[in-house]
Amino acid sequence: MGFGDLKSRTGQQTLNDYLADRSYIEGYQPNQADAVVFTALVSPPPADLCHVLRWYNHIKSYSDSERAKFPGPKKPVGAYGPAVSAASKDDDVELDEDDLFGDNDQEEEEEDEVRQERLAAYAAKKAKKPGPIAKSSIILDVKPWDDETDMTKLEECVRTIVADGLLWGTSKLVPVGYGIKKLQISCVVEDDKIGTDFLEEEITKFEDYVQSVDIAAFNKI
Amino acid sequence: MAEAGQSIAALATYLGVKAGKVTLDGRDKLPVVKGKTGTRRGLVSITKHLVRAAEKNSLLGNTAEDQAAVDQWLEYRVSQLDRCQGDKELAGVLKELNAYLADKVYFVNHTLSLADILLYYGLHTHFVGMPFYDKENYMHVSRWFDNVQHEKGLRQTFPYVHFLRTQIYDRMSH
Numbered sequence: 001m002g003f004g005d006l007k008s009r010t011g012q013q014t015l016n017d018y019l020a021d022r023s024y025i026e027g028y029q030p031n032q033a034d035a036v037v038f039t040a041l042v043s044p045p046p047a048d049l050c051h052v053l054r055w056y057n058h059i060k061s062y063s064d065s066e067r068a069k070f071p072g073p074k075k076p077v078g079a080y081g082p083a084v085s086a087a088s089k090d091d092d093v094e095l096d097e098d099d100l101f102g103d104n105d106q107e108e109e110e111e112d113e114v115r116q117e118r119l120a121a122y123a124a125k126k127a128k129k130p131g132p133i134a135k136s137s138i139i140l141d142v143k144p145w146d147d148e149t150d151m152t153k154l155e156e157c158v159r160t161i162v163a164d165g166l167l168w169g170t171s172k173l174v175p176v177g178y179g180i181k182k183l184q185i186s187c188v189v190e191d192d193k194i195g196t197d198f199l200e201e202e203i204t205k206f207e208d209y210v211q212s213v214d215i216a217a218f219n220k221i
Numbered sequence: 001m002a003e004a005g006q007s008i009a010a011l012a013t014y015l016g017v018k019a020g021k022v023t024l025d026g027r028d029k030l031p032v033v034k035g036k037t038g039t040r041r042g043l044v045s046i047t048k049h050l051v052r053a054a055e056k057n058s059l060l061g062n063t064a065e066d067q068a069a070v071d072q073w074l075e076y077r078v079s080q081l082d083r084c085q086g087d088k089e090l091a092g093v094l095k096e097l098n099a100y101l102a103d104k105v106y107f108v109n110h111t112l113s114l115a116d117i118l119l120y121y122g123l124h125t126h127f128v129g130m131p132f133y134d135k136e137n138y139m140h141v142s143r144w145f146d147n148v149q150h151e152k153g154l155r156q157t158f159p160y161v162h163f164l165r166t167q168i169y170d171r172m173s174h
């Protein structure tokens with residue numbers, strides 16, 4: 001409805017958008033609409049609102065007396081601009097609509113409340129129920145630096161990693177070649193608590209023994 | 001350059017004068033009008049003569065500066081717009097015009113001039129087939145074009161070019 005306050009930035013912005021594809025406020029010739037909005041603008045618009053500035057300069061090129069002689073009826077500033085036709089039509093209908101919407105709002109609020117309560121109850125119920133814990137069995141390949149690495153020491157180090165939801169299983173040494181063996185160790189983890197990233201990080205912390213860690217197998221239980 | 005003849009005829013109707021018979025001369029299809037007062041060659045000379053004959057000298061600009069500017073745009077129509085071959089060159093012209101018209105309502109000063117009229121006639125064929133996407137791309141040219149085509153008596157038999165996707169839909173009303 002109108003352009004809002006034309007002295008404010010937002011009002012001028014609205015006017016700018018409105019004038020993007022128009023040369024005049026209304027129609028294709030200067031008329032009273034331009035004169036009225038021009039007077040309402042008071043001062044030249046900032047340079048970054050290029051459409052308003054173009055229009056402003058164009059209207060300014062007419063003298064005051066010429067502007068007064070522009071054709072068309074003179075209306076208040078608020079009557080011009082976007083969506084003016086919808087706003088100025090049948091005030092009664094609009095009031096009715098307002099009431100209608102008011103009712104709707106209340107009903108919606110009540111509905112919302114009920115729904116919120118139900119959601120809360122459901123969430124609480126879900127939290128209490130101890131659902132099945134998702135676990136995974138992981139087999140890790142831990143590779144030493146060379147054949148001189150003490151594999152028993154390495155295994156001990158790995159087994160010192162203790163965390164909630166982590167359970168070490170059996171291990172064996174698998175020959176890789178040239179007398180080098182790698183440690184293959186299995187473990188069972190709770191998916192929610194332990195991630196493979198955590199395992200890899202923790203094991204590679206033993207830099208003295210461990211060159212790298214791979215995941216050889218990953219099975220959901 | 002059949003458009004030149006069309007432009008001359010349309011301008012004559014707009015001004016309410018008689019253009020006489022337009023012939024296209026030579027390889028360049030230069031429009032020529034033979035009248036009682038002499039022979040005139042070229043779009044610019046012919047149209048300027050028509051304006052003077054109709055005693056609407058304000059269309060040529062009121063000050064020396066404006067007259068020079070109008071002349072330049074007439075020359076632009078002949079040397080740039082009419083010689084456009086292919087979409088790429090046209091896109092270049094439109095881009096140029098778009099930049100120029102960004103802060104202007106009319107080409108020269110603040111009134112309709114012969115420059116607007118001839119560029120409107122010259123651009124019309126290109127605008128008729130233009131998709132909405134491009135029209136919105138060349139927003140400033142489109143706005144100017146839309147404004148000029150509403151000038152009384154100017155459009156004549158030229159088809160109306162739509163700039164809104166539908167007539168009911170108004171971009172500003174939501």
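Line by line, the protein sequences give chains V and P. Numbering-wise, full-length UniProt numbering puts 95 at position 95 of the first sequence, and it's gapless, one number per residue. Numbering-wise, full-length UniProt numbering puts 123 at position 123 of the second sequence, and it's gapless, one number per residue. Just so you know, even glycine gets a beta-carbon here, dropped at the ideal spot from N, CA and C. Owing to the predicted nature of the structure, the values given are computational and were not obtained by experimental measurement.
Judged by DSSP secondary structure, Phe206/V falls outside any alpha helix (DSSP H); it is assigned neither H nor E. Looking at the backbone, the Cα of Lys143/V and that of Val158/V are separated by about 12 angstroms. In the DSSP assignment, Arg41/P falls outside any alpha helix (DSSP H) and within the unbroken beta strand (DSSP E) covering Gly38 to Arg41.
The C-alpha of Lys29/P lies about 14 angstroms from the C-alpha of Ile8/P.
The segment 13 to 25 of chain P makes no contact with the segment 207 to 215 of chain V, as fewer than three CB pairs between them are under 8 angstroms. Relative to the Cα of Val51/P, the nearest Cα in the group Ala12/P, Asn147/P, Leu123/P and Ala99/P belongs to Ala12/P. In the pairwise beta carbon analysis, the segment 143 to 154 of chain V is classified as not touching the segment 109 to 118 of chain V: fewer than three pairs are separated by under 8 angstroms. Looking at the DSSP output, Asp214/V sits in a beta bridge with Asp141/V.
In the structure shown, Gly86/P falls within a helical segment according to DSSP collapsed to helix, strand and coil. With a 10 Å radius around the Cβ and a threshold of 16 neighbouring Cβ atoms, Gln85/P comes out exposed. Beyond the five residues adjoining it in sequence on each side, Gly35/P comes within less than 6 angstroms, by CB distance, of Gly20 in the same chain, given in chain order. The three-state reading of DSSP puts Asn219/V in strand, counting E and B together. The residues Val189 and Ile194, in chain order, have a CB closer than 6 angstroms to that of Leu166/V in the same chain once the five nearest residues on each side in sequence are set aside.
Taking a contact to require three or more Cβ pairs closer than 8 angstroms, the segment 13 to 23 of chain V and the segment 135 to 146 of chain P qualify as touching. Among the residues facing chain P, Asp21/V is included, as its CB has a counterpart in that chain under 8 angstroms away.
When the beta-carbon positions are compared, Ser171/V and Glu156/V stay at least 8 angstroms from each other. If you draw a straight line from the Cα of Thr111/P to the Cα of Thr157/P, it comes to about 23 angstroms.
Between Val105/P and Phe127/P, the gap from beta carbon to beta carbon reaches 8 angstroms or more.
Checking the DSSP bridge columns, you'll see Val33/P partnered with Val22/P and Arg40/P. Gln156/P carries a coil assignment under DSSP once its states are collapsed to helix, strand and coil.
Only exposed fits Val176/V, as fewer than 16 other CB atoms lie within 10 angstroms of its CB. For Val148/P, the enclosing alpha helix (DSSP H) starts and ends at Met139 to Gln149.
Within 10 angstroms of the beta-carbon of Leu164/P lie fewer than 16 other beta-carbons, which makes it exposed.
Contacts with chain V at 8 angstroms (Cβ-Cβ) do not include Met130/P. Between Ser142/P and chain V, the shortest Cβ-Cβ separation is below 8 angstroms.
Taken in chain order, the complete alpha helix (DSSP H) segments of 4 or more residues contained in the segment 55 to 105 of chain P are 64 to 76 and 86 to 101. For Gln184/V, the enclosing beta strand (DSSP E) begins and ends at Ile180 to Glu190.
Interface flag for Val105/P against chain V is set, since a Cβ pair is found closer than 8 angstroms.
A straight-line Cα-Cα distance of about 58 angstroms links Tyr28/V and Leu119/V.
The CB of Arg54/V comes closer than 8 angstroms to the CB of Ala102, Asp103, Lys104 and Val105 in chain P, given here in chain order. For Ser61/V, the chain P residues whose Cβ falls inside 8 angstroms of its Cβ are Asn109 and His110, in order along the chain. Distances from the alpha-carbon of Met139/P to those of Tyr121/P, Leu94/P, Thr125/P and Ile46/P put Leu94/P closest.
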